[in-house]
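Colleague:
In our numbering, the protein residues as written are 2 to 364.
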């Protein structure tokens with residue numbers, strides 16, 4: 002599970018890769034311009050708004066046309082986005098070096114009593130974005146108005162293809178291991194969007210059923226503090242299959258496509274010949290494993306217009322079949338994690354996460 006330990010570097014491109022950027026960006030621009038016309042005739046099965054239609058085409062085409070290295074070359078690394086966020090907020094950045102080449106960034110006061118460890122999405126191939134930090138700030142501001150002392154610990158993990166599964170899971174586990182050196186499990190939440198939601202639930206699985214290649218993480222035996230405060234997933238990517246019903250029915254309404262997710266999952270599972278397991282795909286976790294889950298509360302959101310909806314619903318049903326409670330909110334006509342990918346405000350999913358966290362930390 003070797004990973005690079007360069008926090009601010011984007012991948013260097015070969016001369017050919019740089020030359021190829023011009024036709025790649027030109028084709029993306031052409032496709033987006035075409036979408037500006039087709040968006041006028043998108044119909045009831047298309048995106049909710051004209052702007053989303055344009056954004057959808059940009060995402061679809063960009064992910065498929067650009068290589069991983071080209072995308073990461075053009076997009077600021079997660080650590081750089083954190084640095085820019087710190088400047089905009091006029092706060093001193095606090096970054097912790099973790100094992101396996103990962104980094105943790107404090108959003109809020111590092112001495113806060115309660116902590117949300119946040120894993121960003123992006124198919125394990127895209128960095129954390131300014132919108133990720135804006136969303137964490139929004140949650141932090143909302144929660145702190147209630148007088149609670151809470152902060153976010155935002156993980157920078159190694160992107161594919163620079164490292165593959167289970168490296169990212171090992172890094173996610175080590176982020177929790179680090180936080181637990183100074184806090185009780187009952188004061189710690191795990192959360193994330195999309196691929197980050199995958200990591201949040203996979204870390205939870207590792208606690209009770211350790212991955213054979215990752216160091217065991219044991220929680221206290223104290224009954225009061227034997228479980229984490231809670232785990233939430235925003236549109237968690239729980240299955241890499243592309244034959245779910247909403248993959249087809251929501252193809253024209255969501256911002257990501259099956260071709261996008263297939264490209265990402267193939268890279269993530271590259272060392273496994275594309276074969277998933279319970280620690281890479283939470284939907285593969287046997288139902289009985291959720292009976293002894295070490296979290297006091299579970300929360301999942303999804304968008305009614307997103308392609309992952311069917312798999313997320315199946316995941317919720319599977320967890321509930323073990324008699325474990327999970328709160329589930331579907332945002333009407335919302336796409337995949339709209340508060341992040343599209344930068345929408347006032348979303349139903351975002352509001353549900355706000356309320357869920359506020360209820361947990363005030364109880």
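Where is the CB? At the ideal position from N, CA and C, for every residue including glycine.
Computed from a prediction, not measured in an experiment: that's the story for all the values here.
Looking only at its chain, what residues have a beta carbon closer than 6 Å to the beta carbon of residue 259, apart from the 5 residues adjacent to it on each side?
Modeller: Correct list, in chain order: 243, 248.
Colleague: I'd like the list of long-range same chain contacts for residue 205, defined as Cβ closer than 8 Å, with 5 residues on each side in sequence excluded.
Modeller: Cβ within range, chain order: 191, 229, 232, 294, 295, 296.
Colleague: Are the beta-carbon atoms belonging to residue 189 and residue 118 less than 8 Å from one another?
Modeller: Cβ distance < 8 Å, so residue 189 and residue 118 count as in contact.
Colleague: With C-beta atoms as the reference, is residue 124 less than 8 Å away from residue 302?
Modeller: Against a cut-off of 8 Å, the Cβ pair of residue 302 and residue 124 comes out as no contact.
Colleague: Taking the alpha carbon of residue 132 as the reference point, which residue from 279, 25, 351, 35 has its own alpha carbon closest?
Modeller: Ranking 279, 25, 351, 35 by Cα distance to residue 132 puts 351 first.
Colleague: Starting from residue 197, follow the alpha helix (DSSP H) in both directions and report where the run begins and ends.
Modeller: Taken as a continuous stretch (DSSP letters only), the alpha helix (DSSP H) holding residue 197 covers 196-209.
Colleague: Here's the rule: buried if 16 or more other CB atoms are within 10 angstroms of the residue's CB, otherwise exposed. What is residue 358?
Modeller: Residue 358 is buried by the Cβ-count criterion.
Colleague: Over what stretch of residues does the alpha helix (DSSP H) that includes residue 143 continue unbroken?
Modeller: Per DSSP, residue 143 belongs to the alpha helix (DSSP H) from 131-145.
Colleague: Check residue 115 in the structure and name its three-state DSSP category.
Modeller: Note: residue 115 maps to strand in three-state DSSP.
Colleague: On the criterion of 16 or more Cβ atoms from any shown chain inside 10 Å, does residue 354 qualify as buried, or is it exposed?
Modeller: Burial call: buried.
Colleague: Kindly indicate the opening and closing residues of the alpha helix (DSSP H) around residue 28.
Modeller: Counting along the chain, the alpha helix (DSSP H) containing residue 28 begins and ends at 16-39.
Colleague: Nearest to residue 201 by CA position, among 217, 339, 172, 187, is which residue?
Modeller: Looking at the Cα atoms, 172 is the closest of the given residues.
Colleague: Could you pull the start and end residues of the beta strand (DSSP E) that residue 48 belongs to?
Modeller: Per DSSP, residue 48 belongs to no beta strand (DSSP E) and is neither H nor E.
Colleague: From what residue to what residue does the beta strand (DSSP E) around residue 231 run?
Modeller: Per DSSP, residue 231 belongs to the beta strand (DSSP E) from 231-235.
Colleague: Give the straight-line distance between the Cα atoms of residue 120 and residue 193, rounded to the nearest whole angstrom.
Modeller: C-alpha separation (whole angstroms): 5 Å.
Colleague: Measure the Cβ-Cβ separation of residue 136 and residue 105 and say whether it is below 8 Å.
Modeller: Cβ distance not < 8 Å, so residue 136 and residue 105 don't count as in contact.
Colleague: Can you tell me whether residue 210 is buried or exposed, with buried defined as 16 or more other CB within 10 angstroms of its CB?
Modeller: Label assigned to residue 210: exposed.
Colleague: Grab me the residues of residue 69's own chain with a C-beta within less than 7 Å of its C-beta, minus the 5 sequence neighbours each way, in chain order.
Modeller: Within the same chain, residue 69 has close Cβ partners 126, 161, 162, 268.
Colleague: Just tell me which of 109, 99, 78 has its CA closest to the CA of residue 93.
Modeller: Of the listed residues, the one whose Cα sits closest to residue 93 is 109.
Colleague: Measure how close the beta-carbons of residue 342 and residue 235 come, nearest whole angstrom, since I'm counting them as under 8 Å.
Modeller: Incorrect: roughly 10 Å between the Cβ atoms, too far for contact.
Colleague: What three-state label does DSSP hand residue 120 in the structure shown?
Modeller: In this structure, residue 120 counts as strand in the three-state DSSP scheme.
Colleague: Whole angstroms are fine: how far does the CA of residue 177 sit from the CA of residue 112?
Modeller: One C-alpha to the other measures close to 16 Å.
Colleague: Which stretch, first to last residue, makes up the beta strand (DSSP E) that contains residue 328?
Modeller: Where residue 328 is concerned, the enclosing beta strand (DSSP E) stretches over 328-332.
Colleague: How far does the beta strand (DSSP E) with residue 256 in it extend, from its first residue to its last?
Modeller: Where residue 256 is concerned, there is no enclosing beta strand (DSSP E), given that its DSSP letter is neither H nor E.
Colleague: What separation, rounded to the nearest whole angstrom, lies between the Cα atoms of residue 225 and residue 181?
Modeller: So the alpha carbons of these two residues sit roughly 15 Å apart.
Colleague: By Cβ distance below 6 Å, which residues in the same chain neighbour residue 25 in space, the five residues on each side in sequence not counted?
Modeller: Excluding positions up to five away in sequence, the list reads 66, 67.
Colleague: Is it buried or exposed, residue 309, if we count other Cβ atoms within 10 angstroms and call 16 or more buried?
Modeller: With 16 or more other Cβ atoms within 10 Å, it is buried.
Colleague: Since residue 191 sits in a beta bridge, which residues does DSSP pair it with?
Modeller: Residue 191 is bridged to 118, 232.
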